[in-house]
């Protein structure tokens, strides 16, 4: 959804009506997963995607009808094997797409939360009586309803994955919109320069933390999102770790790495890794145990950091680290 933000803001600010198409379910090999979205403006602007082929054409046509009638549509695309590749649905894949007008009651606060990079859940009635079809709730990640269109019933439940939940004569599609994945790198060493570039290319927010002024400089990291010249504890206070955060500890200095790891392993960061040889890791493991971390928490630590790809150069090591971060994130 965040990739649509610039276009959504431009269209809505210009007074255009906008339709939103959302993949609500898939079967077989589909090019876009449930929760994927495409926005279509009344003047023909397009942002995002729901498939890889001419299914988009049918969705765009339906979106224009939805904007004229203000009535949502649920579309089903099932593709035979012999024609699957022509429309981007491999090996007979099928998708359901829900198309609805964008509601200002929902999208004004949603756009604000997307801009501030706050996690949200968007729930939509996809089956039900006509007067509530397409009604939506916007809630935070804890389930607190922040905005509602057309008196939508309270959110049935939360989910960290897009899915359909059913009630009596009603179905609601839950689409979680987590905060952007963030890579926090502890230590502005040479590997961190390459790592930050790869992370940015993969649409991760990038934060580098180093209290050492010689390492943590804007000249060394001109393109990252945030440079924090402070100790890890202070940095985490500024940017609390959450389930969308990965932490890579690279400083080679226990005075910096150990506090960073203790806090990170006690948080719900989805990935925590530390640079160093096996011998270094053994010594670190003992220090962290003595500092009060349990074996259960230490089991979360990726150390030595990165996938085993025979990496030698800083760039190769950065690639190995980021590959492991992405693998953990996608799991």
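Residue numbers (my numbering): 34 to 364. We treat Cβ as the ideally placed atom computed from N, Cα and C, and that holds for glycine. No experiment lies behind these values; they were computed from the predicted model shown.
With 16 other Cβ atoms within 10 Å as the buried cut-off, status of residue 199: For this step, residue 199 is matched to residue 166 along the chain shown. Residue 199 should be labelled exposed.
Assigned exposure category for residue 170 - 16 Cβ within 10 Å defines buried: Taking the first residue of the chain shown as 1, we reach residue 170 at position 137. Residue 170 should be labelled buried.
For residue 313: DSSP bridge partner residues: By 1-based counting over the chain shown, the position of residue 313 is 280. Paired residues: none, contrary to the question.
Inter-residue CB distance, residue 260 and residue 355 (contact presumed, cutoff 8 Å): The sequence position of residue 260 within the chain shown is 227, counting from 1. The sequence position of residue 355 within the chain shown is 322, counting from 1. A Cβ-Cβ separation of about 19 Å leaves residue 260 out of contact with residue 355 under the 8 Å criterion.
DSSP-derived helix/strand/coil call for residue 48: Numbered from its first residue, the chain shown carries residue 48 at position 15. In this structure, residue 48 counts as coil in the three-state DSSP scheme.
Supposed contact pair residue 52 and residue 73 - C-beta distance, whole angstroms, cut 8 Å: Within the chain shown, numbered from 1, the residue matching residue 73 stands at position 40. Within the chain shown, numbered from 1, the residue matching residue 52 stands at position 19. Correct: roughly 5 Å between the Cβ atoms.
Residue of 208, 203, 159, 197 minimising C-alpha distance to residue 173: One-based indexing of the chain shown puts residue 173 at position 140. Selected option, being the one with the closest Cα: 208.
Of the listed residues 235, 234, 240, nearest to residue 218 (C-alpha basis): Within the chain shown, numbered from 1, the residue matching residue 218 stands at position 185. Considering only alpha carbons, the answer is 240.
Residue 357 burial status per 10 Å Cβ neighbour count (16 or more: buried): Walking along the chain shown from the start, residue 357 turns up at place 324. By the neighbour-count criterion, in which 16 or more other beta carbons inside 10 Å mark a residue as buried, residue 357 falls on the buried side.
Beta-carbon spacing of residue 156, residue 205 below 8 Å: For the purposes of this step, residue 156 is identified with residue 123 of the chain shown, where counting begins at 1. For the purposes of this step, residue 205 is identified with residue 172 of the chain shown, where counting begins at 1. In this structure, residue 205 lies closer than 8 Å to residue 156 by Cβ.
Under the three-state DSSP convention, the category residue 296 falls into: As a first step, residue 296 must be located in the chain shown, where it is residue number 263. If DSSP states are grouped into helix, strand and coil, residue 296 belongs with the helices.
Contact set for residue 249: own chain, Cβ-Cβ below 8 Å, skip 5 residues either direction: Residue 249 sits at position 216 when you count from the first residue of the chain shown. These residues qualify, in order along the chain: 221, 241, 242, 243, 260, 261, 262.
Beta-bridge partners of residue 107, as assigned by DSSP: In the chain shown, counting from the first residue as 1, residue 107 sits at position 74. BP columns for residue 107 point to 131.
Cβ neighbour criterion (16 or more within 10 Å) applied to residue 345: On the chain shown, position 312 is the one that residue 345 refers to. Residue 345 is exposed by the Cβ-count criterion.
Alpha carbon of residue 348 to alpha carbon of residue 282, nearest angstrom: The count along the chain shown starts at 1 and reaches residue 348 at position 315. The count along the chain shown starts at 1 and reaches residue 282 at position 249. Approximately 16 Å, taken between the alpha carbons.
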